[in-house]
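Visitor: Dropping the structure in here first, questions after.
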Amino acid sequence: SYPCSPGRMASPTSSKRTRIGTRGAEILGIILSAYILTMGMILASLHDRLPLPQITPNPTDFPMPKKIGQNPPISQDNPPVSHILPSIPALAQKYRPAGNLGRTQSTAPGVGKGDRKILLGMRGCHQIKVQSEKCCDFKDGRTDEEFGYQDCVPAKSKFASGNACEPASWVRKEKQSAVTCPENPINWNQPKNKPKPASRTPSRGAPSVNNFLSKMNAVDACRLAMGPEGFKRKWNICTKNAKDKQSNGYCMHNEATQGTYCRFKYLSIDKRKINVAEGGEEIKQVMGRAESREFPAYSTGAFQLSCKEDRDAASYKLSTQYYLHHHKLVMQALTYQPEDQTCMPGSVGVVEGVSIMFTRYEYANLFHQMTDWYNLYVVGSKENVLMQPVTFIFLDGHSKSVLDSAWDSFSSGAGFLRVKQLPSDQTCFGDAILMPMGYRSPVDIHSMNAFTKRCEADERVGGFRTMARNILHIPDPIPGNLVRVGIIFRKDYIAHPRSKGKASRKIVNEKEVSDALRGIQGISLEVLLLETMSFADQVKKIVNLNILIGVHGAALSYSLWMNQNSDLIEISPSGYAGRQHFEYHAKWAGVRYTKIGLPGGELIKVNCDQLVRKVKRLMKNHNR
């Protein structure tokens, strides 16, 4: 029977045991509660220290799979219950409250093992492979991984038109690692109210451009990014001479743009060890030639220095961070022959004076040649060779271009030589500079990082304008009562051997537009058909305009040479809405920028009333 069953009283001893048992349970409960509270505080502290990047994901930019696990196909009747994101840090951020996020990540594509482990440790999350499409603005179908893909974006992003890439040839399919998770894989604790000081926020990974520039204010960052002051890191390629303690070869690196140039004394070039097209042909003679034939392939000994290799050169070769693009190929082919006296001071056949070596990419495009010329300005300022006769050596084998005459002008009359057309098999250059590639120029879109975009009208860009106007003999504008307005119409033309002869982004109502502009009182209108004009005529007509109008295209790079306080109106089709090349060119040059966004991609109909209103408003800046 039970101690308190009917008809029987509980003894005092049994009541005491009951009270002791109840008290023990209470104590055990308190201990367990304290333990749980302590563990919760520890987990919350660890949560605050997690090294996750501060990235805000946009799930609509990424494709959804048709099936996730055993779920039925996703449709309007069956909305998705999982998120597929190729970016693991972005997925982590989605399930992390805003606020104290600890570390930041220096490179976008890299994912730390810690991040991956944390995500895959979430309940219901697992890793899969998904195939995605990207729109890649990759000219001429180039696929060499040496250069990487330029301007690749998800196919359904704002850079594409609808659900397709424009043009369709820009599509690139690839498989990516992704993590699939349920809607709420874990309920993370909220961060503490007191944020961690920014100065204690650690970073990880290799230094990036943004990390380097973030250590200084915007003015200093722009000075280093846009001017010669940024070339600070130096490597000696040759050991120093015993007499003058100078090196016959060194390289300089700019941390801001990741550009590198090298200068050599008495460099020998053996054209027999360079495999590249002859170059300089008429375009019609080499139509269809692959672009790979126009980029050089070097054998060992193609470049030779009569000196001993400095130990700095070895560290330069081993550093992938500074060992970039065509510099890599040249340095791999460079040999050191200290006993060879054929390329020394006093040797026969030495090309005296300064010779500057370029490998030109997208050589028929004004924007990309402008990046090479800006590099010439920056490096020339650093090495004190501006405004003196220099000989350009083209290491590429490109055919003729309308821009060849510009290179003649920038050489101050010395002209240019193509490497396969050098007068002898082995040529000695007394003073040679190997230039950075155009893609590493401060004014190239791929170098436009978060800090250079913040740069306002810059005196260094003003110096570039002054240099160009002096070299090209551009006179100052003649004062007048009319506002000078120019509009660029694009016509079909063949720019290079791989060109299809069809211009993109053409205005379909040209006559209507030109008639509407001519109806504005107080302006002088220039209709510019650049395909029919020489480079000199283009410069003469454009750079002294008060207002330049054009669809997104390379010719808008002339804004870098326009007078300060001029105006640029860019007509931007929706397929090119995210490209800000010329907005920043104008800002850096002190040129006011106006954008007119229009639907369409390759064929554009301009709203004449809208354009006329814009021009009339800007005329107030130039009324005399």
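For the sequence shown, position 212 matches number 237 in the numbering used here, and the numbering has no gaps at all. Where a beta carbon is used, it is the ideal one built from N, C-alpha and C, also for glycine. The model shown is predicted, which means the values in this text are computed figures rather than measured ones.
1. Are ILE572 and ILE594 touching if we call contact CB-CB under 8 angstroms?
2. Per DSSP, what kind of secondary structure is ILE499 in: helix, strand or coil?
3. Check whether the segment 441-451 and the segment 297-307 are in contact - that is, three or more C-beta pairs closer than 8 angstroms.
4. Does DSSP put VAL444 in a helix, in a strand, or in coil?
5. With DSSP collapsed to three states, give me the class of GLY378.
6. Would you grab the beta carbon distance between LEU585 and MET395 for me? Rounded to a whole angstrom, and I think it's under 8 angstroms.
7. If contacts are defined as beta-carbon pairs under 8 angstroms, then VAL468 and VAL415 qualify, I think. What distance do you get, rounded to the angstrom?
8. Quick check: the Cα distance between ALA565 and SER324, rounded to an integer number of angstroms?
9. Ignoring anything shorter than 3 residues, give me the beta strand (DSSP E) runs that lie fully in the segment 528-570, in order along the chain.
10. Would you call the segment 526-544 and the segment 495-504 in contact, with 3 or more CB pairs under 8 angstroms?
11. Drop a sphere of 10 angstroms on the beta-carbon of GLU608, count the other beta-carbons inside from all chains shown, and report buried for 16 or more, exposed for fewer.
12. Does any heavy atom of the ligand PLP sit closer than 7 angstroms to the C-beta of SER437?
13. Starting from TYR402, trace the beta strand (DSSP E) in both directions and tell me its first and last residue.
14. Entirely within the segment 586-612 and at least 3 residues each: give me those beta strand (DSSP E) ranges in chain order.
15. So, using beta-carbon positions, are ILE512 and ILE574 closer together than 8 angstroms?
16. Reducing DSSP to helix, strand and coil, say where HIS278 ends up.
17. Which residue from MET356, ILE308, THR282 and ALA246 puts its Cα closest to that of TRP260?
18. Tell me, which residues are paired with LYS516 by DSSP?
19. Once you ignore the five residues that flank PRO253 on each side, which residues in its own chain have a CB closer than 6 angstroms to its CB?
20. Pull up the distance between the alpha-carbon of ILE418 and that of LEU354, whole angstroms please.
21. How about PHE289 and ASN266: are their beta carbons less than 8 angstroms apart?
22. Among the residues of its own chain, which have a CB less than 7 angstroms from the CB of PHE547, if the five just before and after it don't count?
23. With a threshold of 16 other CB atoms inside 10 Å of the CB of ARG642, please say whether the residue is buried or exposed.
24. Taking C-alpha atoms, which residue in VAL427, THR477 and ASP337 lies nearest to ILE519?
25. Look at the alpha carbon of ASN590 and the alpha carbon of ARG617, and state the distance between them as a whole number of angstroms.
26. Per DSSP, which residues does ALA322 bridge with? Please list them.
27. By a C-beta neighbour count over all protein chains shown, 10 Å radius and 16 as the cutoff for buried, is ILE52 buried or exposed?
28. Roughly how many whole angstroms lie between the Cα atoms of THR557 and PHE392?
29. Output needed for ALA493: all residues of its chain with C-beta closer than 6 angstroms, excluding positions within five of it in sequence on either side, in chain order.
30. Which residues in the same chain as ARG485 place their Cβ atom closer than 7 angstroms to its Cβ, once the five residues preceding and following it in sequence are excluded?
31. Going by the beta-carbon positions, is the gap between MET382 and LEU459 smaller than 8 angstroms?
32. Three-state secondary structure (DSSP) at ARG229?
33. Which residues bound the alpha helix (DSSP H) around GLN635?
34. In three-state DSSP terms, what is CYS247?
35. Should ARG258 and HIS278 be called a contact, given that it needs their Cβ atoms to be closer than 8 angstroms?
Guide: Quick answer:
1. Residue numbering aside, residue 572 sits at position 547 when the sequence shown is read from its first letter. Residue numbering aside, residue 594 sits at position 569 when the sequence shown is read from its first letter. A contact, by the Cβ cut-off of 8 angstroms.
2. Residue mapping note: residue 499 aligns to position 474 of the sequence shown, counting from 1. Coil.
3. yes
4. Here residue 444 refers to the residue found at position 419 of the sequence shown. Three-state result, VAL444: helix.
5. Along the sequence shown, one-based indexing puts residue 378 at 353. The answer is strand: DSSP assigns GLY378 an E or B state.
6. Your numbering for residue 585 matches position 560 in the sequence shown. Your numbering for residue 395 matches position 370 in the sequence shown. 6 angstroms between Cβ atoms; contact.
7. Reading the sequence shown from its first residue, position 443 is the one you call residue 468. Reading the sequence shown from its first residue, position 390 is the one you call residue 415. 21 angstroms between Cβ atoms; not a contact.
8. Working through the sequence shown from its first residue, we reach residue 565 at position 540. Working through the sequence shown from its first residue, we reach residue 324 at position 299. Before going on, a small fix: residue 565 reads as Lys here, not Ala. Those two C-alpha atoms are separated by around 43 angstroms.
9. 548-553
10. no
11. Here residue 608 refers to the residue found at position 583 of the sequence shown. Classification of GLU608: buried, given that the 10 Å Cβ count is 16 or more.
12. The ligand PLP is not among the ligands present in this structure, which contains no ligands whatsoever.
13. To locate residue 402, count along the sequence shown from 1; it is residue 377. No beta strand (DSSP E) holds TYR402; the alpha helix (DSSP H) holding it covers 391-408.
14. 592-598
15. Position 487 of the sequence shown, counted from the first residue, corresponds to residue 512. Position 549 of the sequence shown, counted from the first residue, corresponds to residue 574. Cβ atoms of ILE512 and ILE574: closer than 8 angstroms.
16. For the purposes of this step, residue 278 is taken as the residue at position 253 of the sequence shown. DSSP places HIS278 in strand when its eight states are reduced to three.
17. On the sequence shown, position 235 is the one that residue 260 refers to. Comparing Cα-Cα distances from TRP260 to each of MET356, ILE308, THR282 and ALA246, the minimum goes to MET356.
18. Taking the sequence shown and counting its residues from 1, one reaches residue 516 at position 491. Its beta-bridge partners do not exist; DSSP assigns none.
19. Your numbering for residue 253 matches position 228 in the sequence shown. For PRO253, where only same-chain residues beyond five positions count, the Cβ hits under 6 angstroms are VAL403, SER406 and LYS407.
20. Position 393 of the sequence shown holds residue 418. Position 329 of the sequence shown holds residue 354. If I take the Cα positions, the gap works out to 16 angstroms.
21. One-based indexing of the sequence shown puts residue 289 at position 264. One-based indexing of the sequence shown puts residue 266 at position 241. In this structure, ASN266 does not lie closer than 8 angstroms to PHE289 by Cβ.
22. Position 522 of the sequence shown, counting from 1, holds the residue named residue 547. This sequence places Gly at residue 547; Phe is not what is there. So the list reads LEU507, VAL508 and MET644, once near-sequence residues are dropped.
23. For the purposes of this step, residue 642 is taken as residue 617 along the sequence shown, with counting starting at 1. The residue in question, ARG642, is exposed, as its Cβ has fewer than 16 Cβ neighbours within 10 Å.
24. Here residue 519 is taken as the residue at index 494 of the sequence shown, counted from 1. For ILE519, the nearest C-alpha among the options comes from VAL427.
25. Numbered from 1 along the sequence shown, position 565 holds the residue referred to as residue 590. Numbered from 1 along the sequence shown, position 592 holds the residue referred to as residue 617. C-alpha separation (whole angstroms): 6 angstroms.
26. Here residue 322 refers to the residue found at position 297 of the sequence shown. DSSP lists ASN300 as partners of ALA322.
27. Residue numbering aside, residue 52 sits at position 27 when the sequence shown is read from its first letter. So ILE52 ends up on the exposed side.
28. Along the sequence shown, read from residue 1 onward, the residue named residue 557 stands at position 532. Along the sequence shown, read from residue 1 onward, the residue named residue 392 stands at position 367. In a straight line, the C-alpha of THR557 is about 18 angstroms away from that of PHE392.
29. The residue given as residue 493 occupies position 468 in the sequence shown. For ALA493, where only same-chain residues beyond five positions count, the Cβ hits under 6 angstroms are TRP586.
30. For the purposes of this step, residue 485 is taken as residue 460 along the sequence shown, with counting starting at 1. MET251 and GLY252.
31. Translated into the one-based positions of the sequence shown, residue 382 becomes position 357. Translated into the one-based positions of the sequence shown, residue 459 becomes position 434. A contact, by the Cβ cut-off of 8 angstroms.
32. As a first step, residue 229 is located in the sequence shown; it is residue number 204 there, counting from the start. With a pLDDT of only 30 at ARG229, under 50, the local geometry of the prediction cannot be trusted, and no value is derived from it.
33. Residue 635 sits at position 610 when you count from the first residue of the sequence shown. Unbroken alpha helix (DSSP H) run through GLN635: 633-644.
34. Reading the sequence shown from its first residue, position 222 is the one you call residue 247. In this structure, CYS247 counts as helix in the three-state DSSP scheme.
35. As a position in the sequence shown, residue 258 is number 233, starting the count at 1. As a position in the sequence shown, residue 278 is number 253, starting the count at 1. Yes.
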